[in-house]
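Below: one structure, written as structure tokens.
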Amino acid sequence: MMKDTLSFARLALLLFGFVVIPTQAIVGGIATTNSISIGAVYTQGLFGSQYACAGTFVSSNKFLTAADCVLGHSPRDISIKWGASNRLNEPSSSPPTLVTIHPDYNELTGDANVAVLTLKTSTTGPSHATLAKESSIQTGDALTLYGWGLTGLEGLSTRFPAELHMVEVPALSTSECRSEGIDIGAGQFCDQSDSGKGFCIGDHGGPVVDSSGTVVGIISGRENCGLAL
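According to mature numbering (1 follows the signal peptide of the UniProt record, and there is no 0), the residues represented by the sequence shown are -25 to -1, 1 to 204, in order.
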């Protein structure tokens, strides 16, 4: 279990951008009830509080998500909901007291797309995800992506699903991503899923988990929504 204080030096090791899979939630996956440490982030907009992205509890009061999900929002504009795989029925909800965005986050390139939301009090409901101690993703490693993003290419009017979805995809190492002409930074990796599987709009911030159940990254990068490139 991690200490409550989560350093960005460690978070930087988890940073990656999936760019091989473009449209909206987990595509080609299945609904899952495995949501123990996963929560949904809502932000205030013109039409009230709206679902923004997913994230993961990494300690009793630290919530890991993507920076682009919360950039420009004050803590009072954000709500974290957790406790159920159906985000419309989450039994627990809390605003963060602090939003910390990675100091190296670059909106244009998407580098360091990491944020930590700190709750005022420790949660008692969700368990805490185990984080990888170092970046060691190799080509062919089995990865599982989780999110509430769109599930296909039905169109931008499609609503985000209520149920959490997951999909399994094989990884591509940093060096092999680059050899494919994909411009990613150190500590980032991508996937090599077949057409019809991947992540989509609304999945940013969700955890990427390896075969041991360890969180090795967060979903970020360009959404290709199951289209092999």
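Each residue gets a CB set at the ideal place from its N, CA and C atoms; glycine is no exception.
Local Cβ density within 10 Å of residue 43, reported as buried at 16 or more and exposed below that = With 16 or more other Cβ atoms within 10 Å, it is buried.
ask   = Per the contact definition of three or more C-beta pairs closer than 8 Å, is the region 14 to 23 in contact with the region 45 to 65?
value = As far as the Cβ criterion goes, the region 45 to 65 touches the region 14 to 23, which means the pair count is three or higher.
request  = Could you tell me whether the Cβ atoms of residue 194 and residue 122 are closer together than 8 Å?
outcome  = Yes, the pair counts as a contact, with Cβ atoms nearer than the cut-off.
key: Range covered by the beta strand (DSSP E) that runs through residue 28   = 23 to 32 is the extent of the beta strand (DSSP E) around residue 28.
query = Within 7 Å: the Cβ of residue 7 and any heavy atom of the ligand ATP?
reply = Absence of the ligand ATP is noted for the structure shown, with no ligands found whatsoever.
Candidates 108, 112, 93, of which the one nearest residue 34 by Cα = 93
message = I'd like to check one pair, residue 175 with residue 152: are the Cβ atoms closer than 8 Å?
response = Result no, Cβ atoms of residue 152 and residue 175 do not sit closer than 8 Å.
request  = Sort out for me which residues DSSP pairs residue 165 with in a bridge.
outcome  = 147
Cβ pair residue 45, residue 74 closer than 8 Å = Yes, the pair counts as a contact, with Cβ atoms nearer than the cut-off.
message = Between residue 207 and residue 115, how many whole angstroms is the CB-CB distance? I'm expecting something under 8 Å.
response = The structure shown has nothing for residue 207, since the chain only spans -25 to 204.
message = Using C-beta distances below 6 Å, list every residue in its chain close to residue 104, excluding the 5 sequence neighbours before and after it, in chain order.
response = 12, 31, 33, 190
key: Nonlocal neighbours in the same chain, by C-beta distance under 6 Å from residue 5, ignoring five residues either side   = Here the set comprises nothing.
query = Can a CB atom of chain C be found closer than 8 Å to the CB of residue 116?
reply = In the structure shown, chain C does not exist; there is a single protein chain.
ask   = Which residue spans inside the region 54 to 90 form an unbroken beta strand (DSSP E) run of at least 3?
value = 67 to 69, 71 to 76
task = For residue 40, count neighbouring C-beta atoms within 10 Å of its own C-beta (all shown protein chains included) and say buried if the count is 16 or more, exposed if not.
result = buried
query = Per DSSP, residue 140 forms a beta bridge with which residues?
reply = 6, 122
request  = Would you kindly check if the distance between the Cβ of residue 28 and the Cβ of residue 180 is under 8 Å?
outcome  = yes
Identity of the residue in 120, 155, 154 nearest residue 139 by Cα = 120
ask   = Are the Cβ atoms of residue 38 and residue 91 separated by less than 8 Å?
value = yes
request  = Provide the residue(s) that pair with residue 92 in DSSP beta bridges, ordered along the chain.
outcome  = 38, 74
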